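Input: a single structure, listed below in structure tokens.
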Amino acid sequence: MDILLYIICTILFLFTIITTLKIIELKNIEYKKPEILSGKRILTVYYSNGSNTKNVAQNLHSIMGGDIKEIELTENYPKNIFKMSNLVRKQIKEGYLPKIEEIDISDYDVIFVGTPIWNFSISLPVKAFLKNNNFENKILIPFFTYSGGTCKNKILNEFKDYTNVKEVKKPLSMFENGIFMVKEQIIKWLNNEIY
Ligand SMILES: Cc1cc2nc3c(=O)[nH]c(=O)nc-3n(C[C@H](O)[C@H](O)[C@H](O)COP(=O)(O)O)c2cc1C
Numbered sequence: 795m796d797i798l799l800y801i802i803c804t805i806l807f808l809f810t811i812i813t814t815l816k817i818i819e820l821k822n823i824e825y826k827k828p829e830i831l832s833g834k835r836i837l838t839v840y841y842s843n844g845s846n847t848k849n850v851a852q853n854l855h856s857i858m859g860g861d862i863k864e865i866e867l868t869e870n871y872p873k874n875i876f877k878m879s880n881l882v883r884k885q886i887k888e889g890y891l892p893k894i895e896e897i898d899i900s901d902y903d904v905i906f907v908g909t910p911i912w913n914f915s916i917s918l919p920v921k922a923f924l925k926n927n928n929f930e931n932k933i934l935i936p937f938f939t940y941s942g943g944t945c946k947n948k949i950l951n952e953f954k955d956y957t958n959v960k961e962v963k964k965p966l967s968m969f970e971n972g973i974f975m976v977k978e979q980i981i982k983w984l985n986n987e988i989y
């Protein structure tokens, strides 16, 4: 019993230290728009079945400016999560991509694209968006939200495979809706990866 209490206290102590260090690291972080984005027309596009990716997209948009658009399906997925997951599994197996409302990206130079992770992969509506559009001469910058596990490099390669874009920047990955200091986490990623 004493050992169990000791282990719990140690874990709580370490958790507090790590969280405090994270807060110190993120506090007062500032964003300076890099050369490659200055004067560029920026669009943030996202799909969100819940609201996690939407939350990250809205925070990103408030930092970057430009326009923001949500990918909308012509036919929504079932609200019941089990029915929805079964349908997604079936669609993945059949190589089916859902029909989405058209989004015109021709007026933009830089496209941030946000997706939830579905079955360790980009969500099907975002795959449809990537397939439907011409990314030649665009800068594509992905971000995604997840709740269990995924592999950043796999997602990065999928963005390359689904488009004709020359370069894809390293994605921002966020657990659920970002949980805390979302804007600061986004700025840290922008400063480190998007230059
Ligand atoms: C059909 C389906 C499959 C999912 N597969 C994964 C997965 O493979 N890995 C993971 O970490 N999260 C997975 N999730 C969880 C979502 O990626 C996560 O909750 C995400 O933040 C949801 O974003 P949203 O609220 O914008 O839809 C899955 C969710 C759904 C609905």
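In our numbering, the protein residues as written are 795 to 989.
In this text, a Cβ means the ideal position worked out from N, Cα and C, and glycines have one as well.
Computed from a predicted model, the values in this text were never measured in an experiment.
The criterion of a C-beta distance shorter than 8 Å is satisfied by Val850 and Met968. Here Phe929 has Ile899, Ile905, Thr957, Asn958, Val959 as same chain residues with Cβ atoms under 8 Å from its own Cβ, once five neighbours each way along the sequence are excluded.
Under the DSSP assignment, Thr944 falls outside any alpha helix (DSSP H); it carries neither an H nor an E label. With respect to the 8 Å criterion, Ile916 and Ile949 are classified as neighbours on the basis of their beta carbons.
Ranked by Cα distance from Tyr840, the options Glu864, Ser832, Leu831 are led by Glu864. Taking non-hydrogen atoms of ligand 1 into account, the C-beta of Phe974 is found less than 7 Å away from none of them. Around the beta-carbon of Phe807, fewer than 16 other beta-carbon atoms lie within 10 Å, marking it exposed. Under the three-state reduction of DSSP output, Thr909 falls in the strand class.
The distance from the Cβ of Ile830 to that of Ile980 is about 17 Å, inconsistent with a contact at the 8 Å cut-off.
Going by DSSP, Phe807 is part of the alpha helix (DSSP H) stretching over 796 to 820.
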